[in-house]
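Contents: one structure, followed by commentary.
Protein chains in written order, with full-length UniProt numbering: chain A, 1 to 225; chain B, 1 to 327; chain C, 1 to 738.
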């Protein structure tokens, strides 16, 4: 794939408001992408930086508590053993427990697609999934797509085509696009892509650019992935 | 979601036994209906029996020409199966017109059959709703009843549409539902599976309390037929039908040898109209015949405050689809 | 560099964060020990809470506390002044008393150790009500208690008499329903107290207003509060002002001693975070026998809440878009049992131009003149409502360019006269218009010894591309490439920047950023020419700075070396720039939409197939993001025209489609072919960049352009949005009455 965007990290700084024990691996950020930020002293927050990059500890401590069940989720290639309640939703477990916040909650009812991720390579709405029923499943989220600084062709195309505005539906759009582009059953014409992507609402209305990005990435994924 | 107990079943028999006669138990397959309704506190199962690991993922062609679909075959897998696209185009098209790519990837055949209504008064948890709270009344009557309310098969107790597209195609094709109960297996004719609301809208289907759908078996395809699904809605995708039609038609020359018609979005259950089919039989495939059939389809329709347009729209769904399939 | 970066189309500087899922939105923050708040919302629209039974909820796992009107700290009202920087739209405090004014109002908040536990317990809170008869819609409001005078009214000449004596006239009433912003990101607050200091992550279009409002409400000094909103999942106006959920989060955090997250569920995004109100608009227009407008009256009523008066200024554009001596614009409101409305993308103008531009189409037809020609003949050359010249107005050029590209000349005027296969094709058009505003702004720019620039301003990037255009402005002044410019927005600790709304962010922010950049360069020169500086023998004013190099008489040095030599971290500039001087010019943006629709009467299917929009907003700073703004606004306008309406039960004011499945917004599959023409006529009367802002204008006029095209395709004039198929169908039987 093209790598002309490798060295062009974003310059919008941000920081990760998590305690040191709960911080997550911000692996997709380039060296310039997450510069250390000034945080208010009172907040006592940890700042994400390259030196602190490490995975969240994958294991819950001890046996499941009352009403909990122990499950394994293989998330982005890392196995996590978690004790979860039956009513815990996959989306919430990924966000609140593993702090993989790239997957977004837009409606919590399977009506918008912001929470789209891949389970065993199939795109689903993670808001309508119990974590406990995904015991042993392989889950791929937006955080897994890029290889270090190198963006996935779909990510690169979204950036190049301005295929977003606010960015909130973007993770879901990209995960759907990746699944669609890897699916021979879905036609490559514009109308087929539009229909297949219609489970991902973009209230900003960046549909034209999203379509352009998906079709652009199609060419670049040939031979890749 | 409130708390519930969770158990995973390894066999249909075990699932039925785990479910037991607990009225507050629910089978979990794709979860796209169940978890949606549990999340908004409309369904409150105490026990969830996860059936996703059951071996019910096969699509088989039986010796008698019928096609047996496992309960857990996803909507995506079913829509794409080459036997389905070849012999039952109407079913494939119906499935692909439903929901979204992601939801179809999760939603299962049995789950789709068991879909519950989209009526806002059912879903709001507080309005009078005989489905949710028997005897409380039907707020949809006299209320806002446009998109997800029926003109056919309604009663003064309930007017919600059955939301499925898949079931409309199955109703047209003809099918049986295989179920596993504590006393063993039995079959239910698909057209008898979903119940009209009548005076008991809380009784939605012919399953007994702890029965589990294991398969849906489609009737053998009609030789020499063409079929298709036409879904009419406000936006172009990701919306329940305002009116839809599943049509199967076989011609001899320009004469209709056999026809099947079912409608979605307009009925309180997947709406097969055998009388209209009979009326088409032996008739020329032309607009006049189609119009006559469509008039029969809607002859007993009841328009409500906001959905009267579904009567002409339902007719249009039938006429255009028949026109396309006989062109 | 200067010539190319402004008006170029570089991809966004925050793009990598957005495509990586790494951009942090409000609910992506997890301070240590955070608890989760989940609301309990009223299930009646009018009445009182008579009892709250918490016995079951309290026993629910993980519950920390449950707040309601009987258990909530005593807080203060904010004066709610935008000028003072403490405005909210719903002035009543959550849990202030036992009153219920709308369905979906907070009546309790459960705080628990996890989202699932909080939600489960919230469902176990049993609330009893004394329900009163609700006012469910505008008609019921007017009937029950009439109307109240609004704002933004205007009159000139004698529109009544000139209407009576005119050659041609029309008199129609148009209606628009409640529309809901529905940004993808649900409103969210993460509030934490440390002693007497409050920190808030909020999904906000205006961090400073929220800070000011929280200070008033909690009775503390503004400098005890920090609000951050580095990324927001858009707002479209719904996040301009703080809503009750944020107050509940901040109060719950203080009471429980833990950070508390409150996310507004999607259903309540329709009730307690604002909406565009229902409107009724009467348009009376008249022309002379040449088709010149001689009388224009635009009288509007909108529904507001029982707690606040929100005026949807539908006639705001009508005052000045067309030349006419006799004009009346009036706004009134009536109270209904809904949450308080708020600005939604192009407030006033979006519903107002649906009515005005539909009426203009009807007027043109009545006068027997082509709608494009009619507009070209009647467009105003100066702002007659203020008697001021426009700073820049290229609407005629926009209209002609769009008409040409669209192929308007192929239109046969008779309705239903253009057909392809099963489909009737309709062409329609309408004007776009939006006021250009600019407010005071502060910004700070540091030229750092490491070769980067660091920019801060307490405005926000709500998805429009503010991060990127700010960097472009700094690059323009300093010559630094975008990769070396860091932009920080959405934090109240930065210099005071504007609310992100009204399309004024660009025009307001960039002059301050540019001025701060120049001041940083001045300071750099001052360092360089000081006693220890590398250019100590040169006067500061003789030193030049270009592309990161300080130079004088052929001697050049990279500025980083200059700073490094003196061991200085940075050279800094802070600037304050003022608002627009509105005494000499009227500042507005203009444009035109041309729309093709296709109507298949055999299946009653309407779709918008093609849109050409020409937009005159002065200079577009970034053509990539600017074009995206217009394309997105066209899509939202299409939704407004065709799908969008929040429906309420007329018996009890309960919303009945408050979810993303039944409140229909456009999907990928609804996307028409869109062609956006950006006219490039910099408006230097407005600011040094000539930019007037672009967020709103694209939605204005769009619904009318669709309605006009629908008329052309079908012969049916739909005066009530949305243009759903049932309004176009024939042969609908009379409904059975319950």
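Yeah, the Cβ is synthetic: ideal placement off N, Cα and C, and Gly gets one too.
Note that the coordinates shown come from a computational prediction; the quantities given were computed from them, not determined experimentally.
Check: Could you give the DSSP three-state label for residue 408 (chain C): helix, strand or coil?; Outcome: helix
Check: Should residue 6 (chain B) be flagged as near chain A, meaning a C-beta pair shorter than 7 angstroms?; Outcome: yes
Check: Closest Cβ-Cβ distance between residue 265 (chain B) and chain C: below 7 angstroms?; Outcome: no
Check: Check the Cβ-Cβ distances between residue 25 (chain A) and every residue of chain C, and say whether any is below 7 angstroms.; Outcome: Note that residue 25 (chain A) scores a pLDDT of 33, beneath 50, so its modelled location is shaky; the value from the coordinates is reported in the next line. Judged by the 7 angstroms Cβ criterion, residue 25 (chain A) is not in contact with chain C.
Check: If contacts are defined as beta-carbon pairs under 8 angstroms, then residue 173 (chain B) and residue 219 (chain B) qualify, I think. What distance do you get, rounded to the angstrom?; Outcome: 6 angstroms
Check: When you compare only the Cα positions, how much space is there between residue 20 (chain B) and residue 31 (chain B)?; Outcome: 20 angstroms
Check: In the DSSP assignment, what residue or residues form a beta bridge with residue 125 (chain A)?; Outcome: A:116
Check: Is any beta-carbon of chain A found at less than 7 angstroms from that of residue 123 (chain C)?; Outcome: no
Check: Under 8 angstroms: do the region 124 to 132 of chain C and the region 47 to 65 of chain C share three or more Cβ pairs, one atom per stretch?; Outcome: yes
Check: Who are residue 545 (chain C)'s beta bridge partners in DSSP?; Outcome: C:550
Check: Buried or exposed: which applies to residue 672 (chain C), given that a residue is buried once 16 or more other Cβ atoms fall within 10 Å of its Cβ?; Outcome: buried
Check: Short of 8 angstroms in beta carbon distance, which residues of its chain neighbour residue 134 (chain A), apart from the five on each side in sequence? Order them along the chain.; Outcome: 71, 73, 90, 119
Check: Kindly give me the distance between the Cβ atoms of residue 663 (chain C) and residue 109 (chain A), rounded to whole angstroms, as I take these residues to be in contact under 8 angstroms.; Outcome: Their Cβ separation, rounded to whole angstroms, is 12 angstroms, which puts residue 663 (chain C) and residue 109 (chain A) out of contact at 8 angstroms.
Check: Using the DSSP secondary-structure output, state which residues sit across from residue 126 (chain C) in a beta bridge.; Outcome: C:53
Check: Counting beta carbon pairs with one atom in the region 186 to 202 of chain A and one in the region 25 to 42 of chain B, are three or more of them shorter than 8 angstroms?; Outcome: no
Check: Could you give the residue range of the alpha helix (DSSP H) that holds residue 167 (chain B)?; Outcome: 166 to 173
Check: Distance cutoff 7 angstroms, beta carbons only. Does residue 208 (chain A) sit that close to anything in chain C?; Outcome: yes
Check: Compile a chain-ordered list of the residues in the region 227 to 246 of chain B whose CB is closer than 7 angstroms to at least one CB of chain C.; Outcome: 232, 234, 235, 236, 237, 238, 239
Check: Can you give me the C-alpha to C-alpha distance between residue 48 (chain A) and residue 30 (chain C), rounded to a whole angstrom?; Outcome: Low local confidence applies: a pLDDT of 33 at residue 48 (chain A) is under 50, so the model's placement there is unreliable, and no value is given.
Check: List the residues of chain A that residue 48 (chain B) touches, going by C-beta distances under 7 angstroms, in chain order.; Outcome: 86
Check: Report yes or no: is there a C-beta of chain A within less than 7 angstroms of the C-beta of residue 28 (chain C)?; Outcome: yes
Check: Please report the straight-line C-alpha distance between residue 179 (chain C) and residue 608 (chain C), rounded to a whole angstrom.; Outcome: 19 angstroms
Check: Kindly list the residues whose CB is nearer than 8 angstroms to the CB of residue 114 (chain C), restricted to its own chain and excluding five residues on each side of it in sequence; keep chain order.; Outcome: 36, 62
Check: In three-state DSSP terms, what is residue 602 (chain C)?; Outcome: coil
Check: Could you list the residues in the region 163 to 174 of chain A with a C-beta less than 7 angstroms from some C-beta on chain C, going in chain order?; Outcome: 164, 165, 166, 167, 168, 169, 170, 171, 174
Check: Given a limit of 9 angstroms on CB to CB distance, which residues of the region 193 to 217 of chain C reach chain B?; Outcome: none
Check: Looking at C-alpha atoms only, which residue of C:561, C:574, C:711, C:337 is the closest neighbour of residue 523 (chain C)?; Outcome: C:574
Check: If we ignore side chains and look at the alpha-carbon of each, how far apart do residue 235 (chain C) and residue 74 (chain C) end up?; Outcome: 30 angstroms
Check: According to DSSP, simplified to helix, strand and coil, what is residue 210 (chain A)?; Outcome: helix
Check: Runs of 4 residues minimum, wholly inside the region 44 to 99 of chain C: which ones carry the alpha helix (DSSP H) assignment?; Outcome: 55 to 59
Check: Helix, strand or coil for residue 389 (chain C)? Go by DSSP, reduced to three states.; Outcome: strand
Check: So, for residue 73 (chain B): in the same chain, excluding its five sequence neighbours on each side, which residues have a beta-carbon less than 7 angstroms away from its beta-carbon?; Outcome: 57, 59, 108, 109
Check: Compute every distance between the C-beta of residue 147 (chain C) and the non-hydrogen atoms of the ligand GTP, then say whether any falls below 6 angstroms.; Outcome: The ligand content of the structure shown is nil, which means the ligand GTP is not present either.
Check: So, helix, strand or coil for residue 254 (chain B), using DSSP?; Outcome: coil
Check: What runs of the beta strand (DSSP E), each 3 residues or longer, lie entirely inside the region 466 to 535 of chain C?; Outcome: 485 to 489
Check: Do residue 274 (chain C) and residue 56 (chain C) have their C-beta atoms closer together than 7 angstroms?; Outcome: no
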